[in-house]
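Undergrad: The opening position of the sequence shown corresponds to residue 1 in our numbering, with each subsequent residue numbered one higher.
Ideal Cβ placement from N, Cα and C applies to all residues, glycine included.
Take this structure first; my questions come after.
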Amino acid sequence: MKAKIAEKFKTLFGVDGDFFTSAGRINLIGEHTDYNGGFVFPGAVDKGIMAEIKLNGTDKVCVFALDLDEYVEFGLKEEDAPTQSWARYVFGVCREIIKRGGEISGFNTVFAGDVPLGAGMSSSAALESTYAFALNYLFDLKIDKFELARIGQSTEHNYCGVKCGIMDQFASVFGKAGSLMRLDCKTMEYKYYPFHPEGYKLVLVDSVVKHELASSAYNKRRESCERAAAAIRKNHPEVEFLRDAKMEWLAEVKPEISEEDYMRAEYVIDEVQRVLDVCDALERDDYETVGQKMYETHYGMSKLYEVSCEELDFLNDVAKECGVTGSRVMGGGFGGCTINLVKNELYDGFIAKAKAAYAEKFGHEPKIYDVVISDGARKL
Ligand code: GLA
Numbered sequence: 001m002k003a004k005i006a007e008k009f010k011t012l013f014g015v016d017g018d019f020f021t022s023a024g025r026i027n028l029i030g031e032h033t034d035y036n037g038g039f040v041f042p043g044a045v046d047k048g049i050m051a052e053i054k055l056n057g058t059d060k061v062c063v064f065a066l067d068l069d070e071y072v073e074f075g076l077k078e079e080d081a082p083t084q085s086w087a088r089y090v091f092g093v094c095r096e097i098i099k100r101g102g103e104i105s106g107f108n109t110v111f112a113g114d115v116p117l118g119a120g121m122s123s124s125a126a127l128e129s130t131y132a133f134a135l136n137y138l139f140d141l142k143i144d145k146f147e148l149a150r151i152g153q154s155t156e157h158n159y160c161g162v163k164c165g166i167m168d169q170f171a172s173v174f175g176k177a178g179s180l181m182r183l184d185c186k187t188m189e190y191k192y193y194p195f196h197p198e199g200y201k202l203v204l205v206d207s208v209v210k211h212e213l214a215s216s217a218y219n220k221r222r223e224s225c226e227r228a229a230a231a232i233r234k235n236h237p238e239v240e241f242l243r244d245a246k247m248e249w250l251a252e253v254k255p256e257i258s259e260e261d262y263m264r265a266e267y268v269i270d271e272v273q274r275v276l277d278v279c280d281a282l283e284r285d286d287y288e289t290v291g292q293k294m295y296e297t298h299y300g301m302s303k304l305y306e307v308s309c310e311e312l313d314f315l316n317d318v319a320k321e322c323g324v325t326g327s328r329v330m331g332g333g334f335g336g337c338t339i340n341l342v343k344n345e346l347y348d349g350f351i352a353k354a355k356a357a358y359a360e361k362f363g364h365e366p367k368i369y370d371v372v373i374s375d376g377a378r379k380l
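Below you can see the structure in the form of structure tokens.
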């Protein structure tokens with residue numbers, strides 16, 4: 001990938017630039033908890049975005065997206081926003097840096113990536129983090145790593161229409177080879193957990209489906225959670241986020257909120273606790289409990305939070321039938337991958353069965369990605 005980027009860069013701009021990269025992510029457990037002030041447990045992966053960049057001394061940004069074979073130029077003022085959705089990520093990062101007082105000017109860049117699109121592995125966070133990290137470095141802005149992550153998150157909110165939490169950008173910026181990270185999204189405290197489950201593999205099974213309107217459905221989930229938290233807060237003022245609520249407190253407001261909001265909140269309150277349970281289980285190398293919690297998350301995401309789909313429920317059932325230790329839909333949902341914790345000796349059988357059964361039912365095979373937990377944003 002680096003050689004291809006370098007070749008294109010030289011052809012387009014006639015010089016060489018600096019290389020930067022950032023990663024996509026997995027999440028072991030803790031889904032839709034980040035914007036509820038809860039815990040998440042992600043790690044960066046060995047698939048990401050790579051960019052070559054050189055300042056060009058103008059006020060124009062010239063970007064070539066190698067995988068799409070598309071070139072876009074834009075200025076750095078708010079009214080210069082490009083229309084191409086991929087370019088809005090780069091533009092958004094520039095704008096969010098400027099809004100924070102960062103003094104930047106134009107640059108030339110070519111980027112490419114190998115994070116599967118729509119797989120729920122956050123290619124967009126990898127793109128944002130690559131440019132946030134690179135511009136911070138090249139303009140010597142001295143922005144700290146949390147703020148780099150927030151720049152990516154604000155880009156999603158303000159330029160891409162997704163009111164996401166902080167998990168993806170955090171993972172992409174803070175990722176460390178061999179370690180998962182538990183992040184408390186309320187206090188922003190985090191801890192690295194070396195993750196080498198002996199006798200098990202982590203594997204993603206990609207349904208290769210992406211359902212329409214995922215971002216508006218995502219934003220609706222967030223609104224449900226905020227309504228439920230606001231209702232609980234009337235009785236319990238200490239509840240800033242759903243993460244602070246107890247199930248009994250949710251029960252108190254059942255008559256006041258919609259059934260749908262109730263189900264969403266029920267899932268979140270359980271899921272926050274599941275992350276803590278998984279951390280305890282990991283301290284004891286108790287992977288059976290980790291796996292059981294993953295199945296519970298799948299059930300919640302499917303039946304209460306309603307962000308799974310037929311394809312992902314099917315893959316989850318296949319995992320169960322094959323004796324896979326843990327399996328669940330990963331990321332925002334509405335398509336994408338399941339993440340599976342599989343005993344080494346069951347791995348081959350599970351993959352063969354998942355491919356065959358899925359192809360028979362849906363007419364195409366799922367894609368399989370072995371998880372390698374890797375470093376996050378950096379200069380190459
Ligand atoms: C998407 C969002 C994250 C998070 C997950 C669900 O990936 O970008 O902030 O909410 O969905 O856990």
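What residue range is occupied by the uninterrupted alpha helix (DSSP H) comprising Asp370?
TA: By one-based count along the sequence shown, residue 370 stands at place 370. No alpha helix (DSSP H) contains Asp370, which is instead part of the beta strand (DSSP E) from 367-370.
Undergrad: Nearest by alpha-carbon distance to Gly333: which of Val115, Gly323, Leu312, Thr187 is it?
TA: Taking the sequence shown and counting its residues from 1, one reaches residue 333 at position 333. With distances taken between Cα atoms, Gly333 lies closest to Leu312.
Undergrad: Quick check: does the Cβ of Gly37 come within less than 7 Å of any heavy atom belonging to ligand 1?
TA: Taking the first residue of the sequence shown as position 1, residue 37 is located at position 37. No, the Cβ of Gly37 stays beyond 7 Å of every heavy atom of ligand 1.
Undergrad: Taking 8 Å as the cut-off, decide whether the C-beta atoms of Ile49 and Val115 are in contact.
TA: For the purposes of this step, residue 49 is taken as residue 49 along the sequence shown, with counting starting at 1. For the purposes of this step, residue 115 is taken as residue 115 along the sequence shown, with counting starting at 1. Yes, Cβ-Cβ distance for Ile49 and Val115 is below 8 Å.
Undergrad: Rounded to a whole number of angstroms, what is the C-alpha to C-alpha distance between Pro197 and Asn340?
TA: Residue numbering aside, residue 197 sits at position 197 when the sequence shown is read from its first letter. Residue numbering aside, residue 340 sits at position 340 when the sequence shown is read from its first letter. Those two C-alpha atoms are separated by around 13 Å.
Undergrad: Ligand 1 and Asn27: does the residue's C-beta get closer than 7 Å to at least one heavy atom of that ligand?
TA: Here the question's residue 27 lines up with position 27 in the sequence shown. Under cutoff, so the answer is yes.
Undergrad: When you measure from the CB of Ser122 to every non-hydrogen atom of ligand 1, does any distance come out below 7 Å?
TA: Here residue 122 refers to the residue found at position 122 when the sequence shown is read from its first residue. Yes, the beta carbon of Ser122 sits closer than 7 Å to at least one heavy atom of ligand 1.
Undergrad: Quick one: is Tyr193 near chain C, going by C-beta distance under 8 Å?
TA: You won't find chain C in this structure, because it holds only one protein chain.
Undergrad: Under the rule that 16 or more other beta-carbon atoms within 10 Å means buried, what is Pro366, buried or exposed?
TA: Counting from one through the sequence shown, the residue named residue 366 turns up at place 366. Flag for Pro366 reads buried.
Undergrad: By the three-class DSSP mapping on this structure, what secondary structure does Ile53 have?
TA: Counted from its first residue, the sequence shown places residue 53 at position 53. Three-state DSSP puts Ile53 in a strand.
Undergrad: Just the C-alpha distance for Lys4 and Leu204, rounded to the nearest angstrom, thanks.
TA: As a working mapping, residue 4 is identified with position 4 in the sequence shown. As a working mapping, residue 204 is identified with position 204 in the sequence shown. When rounded, the distance between both Cα atoms is 27 Å.
Undergrad: I believe Ala171 touches Gly37 by the beta-carbon criterion, under 8 Å. Please report the beta-carbon distance rounded to the nearest angstrom.
TA: For this step, residue 171 is matched to residue 171 along the sequence shown. For this step, residue 37 is matched to residue 37 along the sequence shown. Not a contact, Cβ separation roughly 17 Å.
Undergrad: Can you tell me which of the three DSSP states Gly92 falls into?
TA: Within the sequence shown, the letter at position 92 stands for residue 92. In the structure shown, Gly92 sits in a helix (DSSP, three-state: H, G or I).
Undergrad: Looking at ligand 1, does it come within less than 7 Å of Cys279, judged from the CB to the closest heavy atom?
TA: Stepping through the sequence shown from its first residue, residue 279 is reached at position 279. No, since every heavy atom of ligand 1 falls outside the 7 Å radius drawn around the Cβ of Cys279.
Undergrad: Count the other CB atoms, across all protein chains shown, that sit within 10 Å of the CB of Lys142; report buried if there are 16 or more and exposed otherwise.
TA: Along the sequence shown, one-based indexing puts residue 142 at 142. Label assigned to Lys142: exposed.
Undergrad: What does DSSP give as the partner residues of Cys62 in its beta bridges?
TA: Within the sequence shown, residue 62 is the residue found at index 62, counting from 1. Beta-bridge pairing links Cys62 to Glu73, Asn108.
Undergrad: Compute every distance between the C-beta of Met167 and the non-hydrogen atoms of ligand 1, then say whether any falls below 7 Å.
TA: Position 167 of the sequence shown holds residue 167. Yes, the beta carbon of Met167 sits closer than 7 Å to at least one heavy atom of ligand 1.
Undergrad: Tell me which residues share the same chain as Asn158 and place their Cβ nearer than 8 Å to its Cβ, disregarding the 5 neighbours each side in the sequence.
TA: Looking up residue 158 in the sequence shown gives position 158. Gly92, Arg95, Glu96, listed in sequence order.
Undergrad: DSSP has Cys185 in a bridge; who is on the other side?
TA: The residue you call residue 185 lines up with position 185 of the sequence shown. BP columns for Cys185 are empty, so no partner.
Undergrad: Taking 7 Å as the cut-off, is the C-beta of Gly332 nearer than that to any heavy atom in ligand 1?
TA: Here residue 332 refers to the residue found at position 332 of the sequence shown. Checking the Cβ of Gly332 against ligand 1 gives yes.
Undergrad: Thinking Lys201 and Tyr369 are a contact (beta carbons under 8 Å), I'd like their distance in whole angstroms, please.
TA: Taking the first residue of the sequence shown as position 1, residue 201 is located at position 201. Taking the first residue of the sequence shown as position 1, residue 369 is located at position 369. That pair is no contact at about 11 Å.
Undergrad: Per DSSP, Asn340 forms a beta bridge with which residues?
TA: The residue you call residue 340 lines up with position 340 of the sequence shown. Note: Asn340 sits in a beta bridge opposite Val203, Ser327.
Undergrad: So, under 8 Å CB-CB, Phe74 and Lys8 are touching, yes? Tell me the CB distance rounded to an integer number of Å.
TA: Taking the sequence shown and counting its residues from 1, one reaches residue 74 at position 74. Taking the sequence shown and counting its residues from 1, one reaches residue 8 at position 8. Actually they are not in contact, since the Cβ atoms of Phe74 and Lys8 sit about 19 Å apart, beyond 8 Å.
Undergrad: Under the DSSP definition of a beta bridge, which residues are partnered with Asp18?
TA: On the sequence shown, position 18 is the one that residue 18 refers to. Answer is Ile53.
Undergrad: Can you find the residues in the same chain that come closer than 7 Å, C-beta to C-beta, to Lys254, ignoring five residues on each side of it along the sequence?
TA: Here residue 254 refers to the residue found at position 254 of the sequence shown. Here the set comprises Tyr262.
Undergrad: Given this structure, state the Cα-to-Cα distance separating Leu148 from Ser22, to the nearest angstrom.
TA: Here residue 148 refers to the residue found at position 148 of the sequence shown. Here residue 22 refers to the residue found at position 22 of the sequence shown. About 12 Å.
Undergrad: Go through its chain and collect everything with a Cβ distance to Gly300's Cβ below 7 Å, but skip five positions before and after it.
TA: Reading the sequence shown from its first residue, position 300 is the one you call residue 300. Hits under 7 Å: Tyr267, Asp270, Glu271.
Undergrad: For Lys437, report the span of its alpha helix (DSSP H) as first-last.
TA: Because residue 437 is not part of the residues shown, which for the chain are 1 to 380, the question remains open.
Undergrad: Among the residues of its own chain, which have a CB less than 8 Å from the CB of Asp16, if the five just before and after it don't count?
TA: Taking the sequence shown and counting its residues from 1, the one referred to as residue 16 is at position 16. Excluding sequence neighbours, Asp16 sits near Ala6, Phe9, Lys10, Glu52, Lys54.
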